[in-house]
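Take a look at the structure set out below.
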Amino acid sequence: MIISSRLAAAVCGLVATLAVGLFPPAAAADEPTGKPAPKVDLVLDVSGSMRARDIDGQSRMAAAKQAFNEVLDAVPQEVELGIRTLGANYPGKDTKVGCKDTRQLYPVGPLDRTEAKTAVATLVPTGWTPIGPALLGAAEDLDGGDATRRIVLITDGEDTCAPLDPCEVAREIAARGIHLTIDTLGLVPDAKTRRQLTCIAEATGGTYTSVRHTDELSGRVKQLVDRAADPVVTPVATEGAARCADAPQIKPGLYSDREKFSEHRWYRVDVLPGQELRASVSVAADRAVDRDYAVLLRAVTVHGREIVRGSEAGDGRTDVISAGLRYPKPPADDDDGADGLKPAAETVCLQVSNAFSAPDSVQTTPGLPVELTVDLVDAPDAASDIAAFGLGRGWWLLGILVLTGLAAGLLWGWISRLRVVWRTN
Numbered sequence: 307m308i309i310s311s312r313l314a315a316a317v318c319g320l321v322a323t324l325a326v327g328l329f330p331p332a333a334a335a336d337e338p339t340g341k342p343a344p345k346v347d348l349v350l351d352v353s354g355s356m357r358a359r360d361i362d363g364q365s366r367m368a369a370a371k372q373a374f375n376e377v378l379d380a381v382p383q384e385v386e387l388g389i390r391t392l393g394a395n396y397p398g399k400d401t402k403v404g405c406k407d408t409r410q411l412y413p414v415g416p417l418d419r420t421e422a423k424t425a426v427a428t429l430v431p432t433g434w435t436p437i438g439p440a441l442l443g444a445a446e447d448l449d450g451g452d453a454t455r456r457i458v459l460i461t462d463g464e465d466t467c468a469p470l471d472p473c474e475v476a477r478e479i480a481a482r483g484i485h486l487t488i489d490t491l492g493l494v495p496d497a498k499t500r501r502q503l504t505c506i507a508e509a510t511g512g513t514y515t516s517v518r519h520t521d522e523l524s525g526r527v528k529q530l531v532d533r534a535a536d537p538v539v540t541p542v543a544t545e546g547a548a549r550c551a552d553a554p555q556i557k558p559g560l561y562s563d564r565e566k567f568s569e570h571r572w573y574r575v576d577v578l579p580g581q582e583l584r585a586s587v588s589v590a591a592d593r594a595v596d597r598d599y600a601v602l603l604r605a606v607t608v609h610g611r612e613i614v615r616g617s618e619a620g621d622g623r624t625d626v627i628s629a630g631l632r633y634p635k636p637p638a639d640d641d642d643g644a645d646g647l648k649p650a651a652e653t654v655c656l657q658v659s660n661a662f663s664a665p666d667s668v669q670t671t672p673g674l675p676v677e678l679t680v681d682l683v684d685a686p687d688a689a690s691d692i693a694a695f696g697l698g699r700g701w702w703l704l705g706i707l708v709l710t711g712l713a714a715g716l717l718w719g720w721i722s723r724l725r726v727v728w729r730t731n
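Taking my numbering, the leading residue of the sequence shown gets 307, the next gets one more, and so forth.
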């Protein structure tokens, strides 16, 4: 009993210490950081087509409401969030009226979760799909200040209010230079919707995601809201070459490019002794493609000798396919750099190839979007590191399995021999 009491006291003391370390006094936590609050405007399609029941056995509207409730519960404290609707109010057939049917359901600002959920609960699928006007309205919702700004558009169909083309609207917003990103999510989209939403996203450096399940919708929106709170690095536009000798020299960072179907593109990276090159590439299928596809990322010397490669292949519908590699360069010998000069870097050529093809009816220009990530870190100290050998520490497991199998075989052989001798005698 005494031991139990002392153990409980020790545990309570440990918990109290951790609580003080993890949760500082409120006064310190509430100190202003001077950084403007990031702003996000969720733009939700409430048009009549959202009545369709093809997402997890429920209507698209019900799935969107469920996802919104989960998203609102998870919005970071520092994010100012608003909600705008399109097609939520006018059920008639007058184009002029239907194409103006967009309004701010919840203003962009500090979030009252209960109030926002109540507003979303009142929505009923009603009218048209004025995506262009809704994007212009959302840009006005986020106007002003230097904060990170993001529009997240959720719709199940293409705009029905031409000639106000949503792609042109997105390009106009991007041309304002206000650093506003538009991400798009298509609910069970068809080919036309997918093309339009991809165009909108690409115009402002955003992303497009196809959604067919409720958890996919809530998870992706949460991710985008978190990204507004903690912005990712903006890719640097670059253009790979047809051969290594002409390839651009790149440093650690995130790069974007476009690659034609079944094309090879080259980039060059300098790797110092004692560094490890880590690279990954993603190729997006922003249009209809044939069922079989693959992407290859190779690290090659300037003389053409392959160092290491990473590849990935697939079969069926996809939005993106990725591959990566690691190349650790051993530290320099003690004699290297003895004269005070830095050891010479090795130029590594990175080759990005894709094995995509498209039906005859699909345009192959411009090329597929490519995102290349390059990083240089300290190389592993131990030669048994996973980057040093193909199997890494798996060699140990393989060796143990081989020895175990050999020992088991020998033992079984001796037992079988003794059984034969015993039966004979």
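For every residue, glycine included, the Cβ atom is placed at its ideal position computed from N, Cα and C. The structure displayed is predicted, hence computed values, not measured ones.
Which residues does DSSP pair with residue i in a beta bridge?
| i | result |
| --- | --- |
| residue 439 | In the DSSP output, where bridge partners are listed per residue, residue 439 has none listed. |
| residue 364 | 361 |
| residue 607 | 654 |
| residue 345 | 386 and 455 |
| residue 627 | 589 |
| residue 614 | 605 |
| residue 676 | 563 and 589 |
| residue 632 | 584 |
| residue 447 | Its beta-bridge partners do not exist; DSSP assigns none. |
| residue 410 | 390 |
State the DSSP-derived secondary structure class of residue i, mapped to helix, strand or coil.
| i | result |
| --- | --- |
| residue 681 | strand |
| residue 484 | coil |
| residue 472 | helix |
| residue 660 | strand |
| residue 691 | For residue 691, the predicted model reports a pLDDT of 45, less than 50, meaning its position is unreliable; a value from the coordinates is still stated below. Correct three-state label for residue 691: coil. |
| residue 581 | strand |
| residue 463 | coil |
| residue 512 | coil |
| residue 760 | What is shown of the chain runs 307 to 731, which leaves residue 760 out entirely. |
| residue 378 | helix |
| residue 330 | Because residue 330 sits at a pLDDT of 45, beneath the cut-off of 50, its placement in the model cannot be relied upon, and the following sentence gives the value as read from the coordinates. Residue 330: coil per DSSP, three-state reduction. |
| residue 489 | strand |
| residue 713 | helix |
| residue 394 | coil |
| residue 254 | Residue 254 is absent from the structure shown; the chain starts at 307 and stops at 731. |
| residue 621 | strand |
| residue 351 | strand |
| residue 404 | helix |
| residue 415 | strand |
| residue 543 | strand |
| residue 430 | coil |
| residue 727 | helix |
| residue 477 | helix |
| residue 527 | helix |
| residue 638 | coil |
Assuming residue i and residue j form a contact by the criterion Cβ under 8 Å, report the distance between their Cβ atoms to the nearest whole angstrom.
| i | j | result |
| --- | --- | --- |
| residue 619 | residue 674 | Not really, about 15 Å apart at Cβ, beyond 8 Å. |
| residue 360 | residue 392 | About 20 Å separates the two Cβ atoms, so there is no contact after all. |
| residue 582 | residue 685 | 4 Å |
| residue 579 | residue 636 | 7 Å |
| residue 678 | residue 658 | 7 Å |
Considering Cα atoms alone, identify which of the options is closest to residue i.
| i | options | result |
| --- | --- | --- |
| residue 584 | 613, 596 and 593 | 613 |
| residue 457 | 435, 451, 495 and 527 | 527 |
| residue 427 | 729, 386, 474 and 368 | 368 |
| residue 459 | 403, 416 and 530 | 530 |
| residue 638 | 577, 626 and 677 | 577 |
| residue 348 | 491, 421 and 608 | 491 |
| residue 626 | 516, 388, 651 and 378 | 516 |
| residue 439 | 407, 455, 615 and 726 | 407 |
| residue 509 | 478, 493 and 535 | 478 |
| residue 402 | 452, 461, 466 and 386 | 466 |
| residue 470 | 496, 452, 494 and 502 | 502 |
| residue 472 | 405, 420 and 430 | 405 |
| residue 564 | 710, 551 and 572 | 572 |
Can you find a heavy atom of the ligand ATP that lies under 7 Å from the Cβ of residue i?
| i | result |
| --- | --- |
| residue 613 | Of ligands this structure carries none, so the ligand ATP is not represented either. |
Using a Cβ-Cβ distance under 8 Å, would residue i count as near chain B?
| i | result |
| --- | --- |
| residue 713 | Absent from the structure is chain B; it holds one protein chain and no more. |
Query raised in the report: Curious, which full-length beta strand (DSSP E) runs of at least 3 residues does the stretch 549-574 contain?
Result: Fully enclosed beta strand (DSSP E) runs of 3 or longer: 559-565.
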